[in-house]
Amino acid sequence: MKIAPLKKEHFKVWNDLVRATGGSGFMQSWEWGDLKEAEGAKVERLGIFDGGELAAGTLAYRVETTLGVSPLAMPHGPVLPWHDPFKAAACFALLRERLGAIAARTGAPLARLEPFIGVKPEFFGGLLRAPLDLVPTPTLLVDLGADDAGLLARMTQKGRYNVRLAERKGVQVVSTPGDDLTGDFHELFELTCARHKFSGEPVVFFRRLMAALGPAGLARIYLATYQGMPAAAAVAVFFGGRATYLYGGTSPFLRGTMASYAMHWRIMRDARDKGCGCYDLYGAAPTDQPHHPYAKFSAFKARFGGALFTPVGAHDLYFYPQLAKTLVSRLGARSQGAAV
Amino acid sequence: MGTHRLEVREVPGGRAFYIDGSLQFDSRDEAVYHEALALPALELARARCGRSLDALVLGGGDGLALKRLLAGPVRRAELVDYDPDVLGLARGEFRDFNGGSLDDPRVKVLARDARLHLAGSTDSFDLALADFTFPEDLEGCSLFTRSFFSGLRARLRPGGLFAMNAVSPDRFPAAFWAIYRTLASARLYPRPLRVSIPSFSAHGYGDWGMFLASPRPLKDAELGALTLGAGARLGREAFGAALRLRVSSLERGLPLSVVIKKPGDLLCLINMQEPGRPGGSAMADFADSAAARRLLSGVPGAENLVWPQLSSEWEVRLMGSLRDMDWELFLAELEKSAAALPGLALEEIRLLRQRLPELLAGAVPRADRAWQVFAMLMTVLVFVNMAYPDNAYAKGGYHSSRHSSGGSEMDFNLFIQTTRSPFHDKVFQGAAILDTLHSGGRVRPAQFVRYKAPDTPAGSGEVKEDRLYFALSDDSFVSKAGELFLAPGQQGWLINARPDRFSLLEKFRPEPLFDFYPEQTAIQSALGAIEMHLKAADKALAAYNRWLAWAKPAAPAFAEVRANVNEARNIENLRGSLDLASARLQVASAVPAAPEIPAGWLRLSPGLYLAENSGIVLVNRHGVLFSYPYREGAAAVYEQIPANDWLDSFVTAMLRAKSAQTSPADPMKAVLEGMLDR
Numbered sequence: 171m172k173i174a175p176l177k178k179e180h181f182k183v184w185n186d187l188v189r190a191t192g193g194s195g196f197m198q199s200w201e202w203g204d205l206k207e208a209e210g211a212k213v214e215r216l217g218i219f220d221g222g223e224l225a226a227g228t229l230a231y232r233v234e235t236t237l238g239v240s241p242l243a244m245p246h247g248p249v250l251p252w253h254d255p256f257k258a259a260a261c262f263a264l265l266r267e268r269l270g271a272i273a274a275r276t277g278a279p280l281a282r283l284e285p286f287i288g289v290k291p292e293f294f295g296g297l298l299r300a301p302l303d304l305v306p307t308p309t310l311l312v313d314l315g316a317d318d319a320g321l322l323a324r325m326t327q328k329g330r331y332n333v334r335l336a337e338r339k340g341v342q343v344v345s346t347p348g349d350d351l352t353g354d355f356h357e358l359f360e361l362t363c364a365r366h367k368f369s370g371e372p373v374v375f376f377r378r379l380m381a382a383l384g385p386a387g388l389a390r391i392y393l394a395t396y397q398g399m400p401a402a403a404a405v406a407v408f409f410g411g412r413a414t415y416l417y418g419g420t421s422p423f424l425r426g427t428m429a430s431y432a433m434h435w436r437i438m439r440d441a442r443d444k445g446c447g448c449y450d451l452y453g454a455a456p457t458d459q460p461h462h463p464y465a466k467f468s469a470f471k472a473r474f475g476g477a478l479f480t481p482v483g484a485h486d487l488y489f490y491p492q493l494a495k496t497l498v499s500r501l502g503a504r505s506q507g508a509a510v
Numbered sequence: 035m036g037t038h039r040l041e042v043r044e045v046p047g048g049r050a051f052y053i054d055g056s057l058q059f060d061s062r063d064e065a066v067y068h069e070a071l072a073l074p075a076l077e078l079a080r081a082r083c084g085r086s087l088d089a090l091v092l093g094g095g096d097g098l099a100l101k102r103l104l105a106g107p108v109r110r111a112e113l114v115d116y117d118p119d120v121l122g123l124a125r126g127e128f129r130d131f132n133g134g135s136l137d138d139p140r141v142k143v144l145a146r147d148a149r150l151h152l153a154g155s156t157d158s159f160d161l162a163l164a165d166f167t168f169p170e171d172l173e174g175c176s177l178f179t180r181s182f183f184s185g186l187r188a189r190l191r192p193g194g195l196f197a198m199n200a201v202s203p204d205r206f207p208a209a210f211w212a213i214y215r216t217l218a219s220a221r222l223y224p225r226p227l228r229v230s231i232p233s234f235s236a237h238g239y240g241d242w243g244m245f246l247a248s249p250r251p252l253k254d255a256e257l258g259a260l261t262l263g264a265g266a267r268l269g270r271e272a273f274g275a276a277l278r279l280r281v282s283s284l285e286r287g288l289p290l291s292v293v294i295k296k297p298g299d300l301l302c303l304i305n306m307q308e309p310g311r312p313g314g315s316a317m318a319d320f321a322d323s324a325a326a327r328r329l330l331s332g333v334p335g336a337e338n339l340v341w342p343q344l345s346s347e348w349e350v351r352l353m354g355s356l357r358d359m360d361w362e363l364f365l366a367e368l369e370k371s372a373a374a375l376p377g378l379a380l381e382e383i384r385l386l387r388q389r390l391p392e393l394l395a396g397a398v399p400r401a402d403r404a405w406q407v408f409a410m411l412m413t414v415l416v417f418v419n420m421a422y423p424d425n426a427y428a429k430g431g432y433h434s435s436r437h438s439s440g441g442s443e444m445d446f447n448l449f450i451q452t453t454r455s456p457f458h459d460k461v462f463q464g465a466a467i468l469d470t471l472h473s474g475g476r477v478r479p480a481q482f483v484r485y486k487a488p489d490t491p492a493g494s495g496e497v498k499e500d501r502l503y504f505a506l507s508d509d510s511f512v513s514k515a516g517e518l519f520l521a522p523g524q525q526g527w528l529i530n531a532r533p534d535r536f537s538l539l540e541k542f543r544p545e546p547l548f549d550f551y552p553e554q555t556a557i558q559s560a561l562g563a564i565e566m567h568l569k570a571a572d573k574a575l576a577a578y579n580r581w582l583a584w585a586k587p588a589a590p591a592f593a594e595v596r597a598n599v600n601e602a603r604n605i606e607n608l609r610g611s612l613d614l615a616s617a618r619l620q621v622a623s624a625v626p627a628a629p630e631i632p633a634g635w636l637r638l639s640p641g642l643y644l645a646e647n648s649g650i651v652l653v654n655r656h657g658v659l660f661s662y663p664y665r666e667g668a669a670a671v672y673e674q675i676p677a678n679d680w681l682d683s684f685v686t687a688m689l690r691a692k693s694a695q696t697s698p699a700d701p702m703k704a705v706l707e708g709m710l711d712r
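These protein sequence lines map, in sequence, to chains X and Y. First residue of the first sequence? That's 171 in my numbering, and the numbers climb one at a time after it. First residue of the second sequence? That's 35 in my numbering, and the numbers climb one at a time after it.
Here it is in structure tokens:
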């Protein structure tokens, strides 16, 4: 096996590999890499070839700021043959060595890995649980392997009732892989951010996201309206066997229309029809933490019948020579610094 | 309503209109102002409604904003202005400028108070403009409260537009952003505008501020698609520029801004020219609503962290990472890398190795040198984590904005995200506060003062030495010892303000020259400003303390952290002085009733008046009026106090300051100059 940078011509074969790898996700897709590059990140695209065939690899993102070099971040990565632990370990050994070389070149003191798997593999032994996750952990996954009646039956009674209530009220849901609903989506997203006192991305980010993922059919914006008024909106990503509810927003003035239920119900059916086996509601509060910031969202999400999945979370691979150099450079700077 | 002094002055090539000495419009550039106020709202309403419009104009009795509306698809307009004299001028002298807008058959003119009109009317409108005079008294400020805006919102049809004239965002940032907050709290989603009007700038008013608002949020796309009339000066480009406001205005104004619930809330902010940060040229583009909202949250870069609550969790995890690190490997690498450093560093690394088990258990005293290296490592790891913008669930790091902002300030937002306060400035980052920060970010050396305080025991001869190191405004200071000092006219004279007397000081004489009557409005205004600064200081300190609990031992290696340590200590000191001043000013004192000052007298400084007969009158601490023989032969109406050189100089300085503030066209200017020519 050998490791080498991926080139543009690997685009399709790489995406096919990521799609086929259950422990990965859309943040390792070629298109997501393009989006990150458009945002200013440096993207290392590495492939591991076994007899000329692409067997594993990763997209590793990093940025340089006034603070120094960020970790080499691998959300939903690395992409390894998880079904074959021995091969996966061998691939990881190659990858580890190459990441170390990149760290030596860029000064990155650590790599942060976050595959979408439930059990920490043995070959992650030396990696440490990261202080911050790149992807929300745990999350709710809705099994989409059923017809409409089956999906409804798996929802909670309240969820089913609200889906039907929205239909009775005449809530309409439209969607697009293009940019025409981005403004409507963003307006509702902003209202929601303000209501929950968190900061959200600017509209330009969503335009970039749709430009990068929309044309390939990887992302759609959904808009639920009540009597022509925007009531709920979402960005959903469809990649491999999994659809993901990445962003959403609702109007505080039209909550009674249950428009968000109609919207998710539409996303779930679209995802199933596109061949996705599950719908990732992207983050939920642990069941034993009623005061967790996600608790309210989780109560809503749980009505669609999902099951809690707790991935292993982000793990850090430290590059001690780089970390030591960073600290030593500060120790050296200290002698010139004023005493406190 | 009180009466106001209206003046129409001839200016080369046009006319200028003043109310109470304050410029309302100059015919040469009034189009810049009135088009910015009226046209965007008119065009947006036209685009939203798609039919002819019903419009309401509150204030704006000169008819100039109305003229712009009538040029558009307005089928009915109501103009409500409380001043019949202004309406008279509009129909007379201003007719050439407003094109006779008040007499247009579509217009109904009502000479009425806007508040009462809104309360008593049930009509609804597609478009409303508010063109009020500058809010410099409680009556004027009452037109900027939440209840006023709520009343106005009730008169707007769904999707209706509202445009209003406000205050300068650069000169009165706290007041400007308070109006913004108040509009938002009345669910009139506002977008701010900044307009440069040459005649306003020439009067020192700065760039002017306005708001465009609606009960239905204005979309970026709507603003982007706005087409403005071909004949108008305000084109698309100029409108785009108007939506860009100085970041320094937000930074200075937001921490002190409040929702205006009562008129006094705004008046306090208008009177308080808070010490600001240097102006800077960075602009915030309010055409991009998300970017603007991020700025308004006061937490640039907060997208790094979705919820602040999560930060404590990650602190715990960071400690976990440190415990689980391969320390053998790391220490070996450290020793290798540190070989080139002076012996001390290697010694410290050895010490770190030795004390590591205790350090990881948190049992080592923080003064320990090993702890210092350990803290530096923690700080490095904090920086490494924060350098990646997608950490903590943010899917879009939005790198481009980060790159353009730069600077170390935002780099610490994870721990000190609420530190953006009036105190966050280089002035407060030194080892001691040796400068004072004035409005507009002007830095001046902190003034020393020597004086005999009233509570000094008689005959002790004790002279206090103090430093005026916090400016509540350009003419009001809190000293290190917690005293309030007023600097009337900014002429070098100081008044030590206490609840029972205002003592006039001269820098070469520690003894007070005169004890004036303590003006309660000045005390209340200072107390209001102090209260706001105390709140800002508490917020800043809480955030700093959290951050420094981690980072302080690492300060020797991080200039950013050293500045933070100094700033926290200086804020603590300032807070102490402000607290002391607040307590002193609230001490209950037996203050005699305020003397009745005749309406025609001109106030020169607290307790010092120019009477109608051109006599100088002083009010002493007991509220008794005295004539002062400033000019030979002036009639003494009250008991006369003997003249002395100090008081003479003081009166001259105050007359000079007042004259400088008075317009040449104001008849009072000649009186003041006449006094100075004695």
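Here a beta-carbon is modelled for each residue, glycine too, at the ideal position from N, C-alpha and C. Bear in mind the structure is a predicted one, so any value in this text is a computation, not a measurement.
Cβ closer than 8 Å: which chain Y residues qualify as neighbours of residue i?
| i | result |
| --- | --- |
| Y488 of chain X | M359, D360 and F364 |
| R385 of chain X | In the sequence under discussion, the amino acid at residue 385 of chain X is Pro, which differs from the Arg named in the question. Correct list: empty, because the minimum Cβ distance to chain Y is about 18 Å. |
| G502 of chain X | L375 and A379 |
Which same chain residues end up closer than 7 Å to residue i when comparing Cβ atoms and leaving out the 5 residues on each side of it in sequence?
| i | result |
| --- | --- |
| S184 of chain Y | A220 |
At a CB-CB cut-off below 7 Å, which residues of chain Y make contact with residue i?
| i | result |
| --- | --- |
| V239 of chain X | A421 |
Would you identify the three-state DSSP class for residue i, choosing helix, strand or coil?
| i | result |
| --- | --- |
| A225 of chain X | strand |
| K101 of chain Y | helix |
| T696 of chain Y | coil |
| N598 of chain Y | helix |
| F489 of chain X | coil |
| Y664 of chain Y | coil |
| S510 of chain Y | strand |
| V305 of chain X | coil |
| F479 of chain X | strand |
| E179 of chain X | helix |
| I383 of chain Y | helix |
| C448 of chain X | strand |
In or out: residue i buried (at least 16 other Cβ within 10 Å) or exposed?
| i | result |
| --- | --- |
| T480 of chain X | exposed |
| R109 of chain Y | exposed |
| Q406 of chain Y | buried |
| F423 of chain X | exposed |
| E284 of chain X | buried |
| V498 of chain X | buried |
| F417 of chain Y | buried |
| A153 of chain Y | exposed |
| G240 of chain Y | buried |
| A428 of chain Y | Because the pLDDT at A428 of chain Y is just 42, under 50, the model does not fix this residue reliably, and the value given afterwards should be weighed accordingly. Buried, by the Cβ-count rule. |
For residue i, which residues in the same chain have their Cβ closer than 6 Å to its Cβ, ignoring the five residues on either side in sequence?
| i | result |
| --- | --- |
| F219 of chain X | K172 |
Name the chain X residues whose beta carbon is nearer than 9 Å to that of residue i?
| i | result |
| --- | --- |
| G354 of chain Y | L298, R299 and P301 |
| K253 of chain Y | G353, D354, H356 and E357 |
Using a cut-off of 7 Å between C-beta atoms, extract the partners of residue i located in chain X.
| i | result |
| --- | --- |
| A372 of chain Y | V498 and L501 |
What residues of chain X sit near residue i, judged by a beta carbon separation below 8 Å?
| i | result |
| --- | --- |
| R351 of chain Y | R299, A300, P301 and L302 |
**Request:** May I have a chain-ordered list of the beta strand (DSSP E) segments no shorter than 3 residues that lie completely inside the stretch 388-422 of chain X?
**Result:** If we require 3 residues or more, the beta strand (DSSP E) runs fully inside the stretch 388-422 of chain X come out as 389-396, 399-409 and 412-420.
**Prompt:** Along the chain, which unbroken stretches of the alpha helix (DSSP H) at least 4 residues long are found entirely within the stretch 539-563 of chain Y?
**Reply:** Entirely contained in the stretch 539-563 of chain Y, not one alpha helix (DSSP H) run reaches 4 residues.
**Item:** Ranges of the alpha helix (DSSP H) found wholly within the stretch 222-252 of chain Y, counting only runs of at least 4
**Value:** As far as the stretch 222-252 of chain Y is concerned, its whole alpha helix (DSSP H) runs of at least 4 residues are 232-236.
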